[in-house]
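Here's the structure we're looking at; comments come further down.
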Amino acid sequence: MPELPEVETLRRTLLPLVVNKTCTAIKFFRKDIRFTIPQATLRGQFANQRVSQIQRKGKYLLLKVPTGAMLWHLGMSGRVSMQTSITPREKHTHAIFQFGAEIFLHFIDPRRFGCILWVPQSGEHPLLDKMGPDPFSPGTNARAMKILSKNCQSPIKTFIMDARRIAGIGNIYACESLYRAGINPKRKAGRISLKKWDQLISCIRTTLENSISVGGTTLRDFFDPSGSKGYYAVKLCVYGKEGEPCQKCESKISRIVHSGRSTFYCKTCQK
Ligand SMILES: [Zn+2]
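The sequence shown begins at 48 in our numbering and counts up one residue at a time.
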């Protein structure tokens, strides 16, 4: 599943290709993906406008033009691939966006949990309005999180994976960040000290940044016409390592199931 680091890498890959360029043609091959694609609005408002920047919020990408932004989410299996023509090369290509004469971005999503939407200039959109700050934004800081988590009885892991509090932290990154910060995933969010919040936020950022750097500056399959897929293998300390020795203390890594999802942690190092 594309996680925040893949989305950030896609953003960086797209910047030199799309910013200051104009979308000259759009083709859609379905009415909807997860939601109905606002085809007429995108043709009327996004096409033939200069893209000023590409922003990321959590796992959403916003391709901004003067009248608003096209919003992308890759869902469970989505990817964007650069091809040499406006003809789809593979099944599950739901839309193609041409920029200038030579750039053709193919939006491919077999499981169709992704979306292509329009956000007006106000920036308001039901999918974005209730979202917390991105982990890299200044709004994600120890003081703000301490206030937000006051008296909160939910486990810290659930708290940091809640997009209304912090946007875009998936299960893998939550487990890895809590391990680095030495925090037990079951600990109540309201019991985390300011100092620990500070450590945790910095561990979240380091974990995500490491993964972005593992991915390099380009998505592996972006320029590959065969579309060989593969999200990158992140160097993991605890996730998927049940029974293996902890890298810090050599105790065995534990796994618990928690709101239907696996949580991996070291009982000795994470208090
Ligand atoms: Zn340990």
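By construction, the Cβ of each residue, glycine as well, lies at the ideal position given by its N, Cα and C atoms.
Residue i - containing beta strand (DSSP E), residue span
i, result
"Y312", "308–312"
"Q200", "No beta strand (DSSP E) holds Q200; DSSP gives it neither H nor E."
"A116", "115–120"
"L108", "107–112"
"T140", "140–146"
"I230", "It is not in any beta strand (DSSP E) - I230 carries neither H nor E in the DSSP assignment."
"Q100", "100–104"
"L241", "No beta strand (DSSP E) contains L241, which is instead part of the alpha helix (DSSP H) from 241–261."
"I133", "Per DSSP, I133 belongs to no beta strand (DSSP E) and is neither H nor E."
For residue j and residue i, believed in contact at Cβ under 8 Å, the rounded distance
i, j, result
"V285", "E223", "6 Å"
"M129", "I150", "7 Å"
"G354", "L121", "With the chain covering only 48 through 318, there is no way to say anything about residue 354."
"R159", "I239", "Not confirmed; about 38 Å, so no contact."
Burial state of residue i, where buried means 16 or more other Cβ atoms lie within 10 Å
i, result
"C293", "buried"
"R346", "Any question about residue 346 goes unanswered here, given that the chain covers just 48 to 318."
"M123", "exposed"
"A87", "exposed"
"P52", "buried"
"Y312", "buried"
"K106", "buried"
"T264", "Confidence is the limiting factor: at T264 the pLDDT is only 46, short of 50, which leaves the residue's position unreliable, though a coordinate-based value still follows. Per the 10 Å Cβ criterion, exposed."
"Q168", "exposed"
"S258", "buried"
"Q317", "buried"
"C250", "buried"
"T134", "exposed"
"F146", "buried"
"P49", "buried"
"P182", "buried"
Neighbourhood of residue i by C-beta, 6 Å cutoff - its chain only, sequence neighbours within 5 removed
i, result
"L64", "I150"
"H153", "S128, Q130, T140, I143"
"L241", "A189, K193"
The alpha helix (DSSP H) enclosing residue i, as first and last residue numbers
i, result
"R59", "51–65"
"V127", "That residue, V127, is in no alpha helix (DSSP H); its beta strand (DSSP E) goes 126–130."
"I303", "Counting along the chain, I303 falls outside any alpha helix (DSSP H), though it belongs to the beta strand (DSSP E) covering 301–305."
"T71", "Taken as a continuous stretch (DSSP letters only), T71 belongs to no alpha helix (DSSP H), being part of the beta strand (DSSP E) at 70–75."
"K78", "Element bounds for K78: n/a, residue is neither H nor E."
Cutoff 7 Å; reference residue i; Cβ partners in own chain excluding five residues on either side
i, result
"K332", "Limits of the chain in this structure are 48 at one end and 318 at the other, which puts residue 332 out of reach."
"G186", "P180"
"Q100", "V66, K111"
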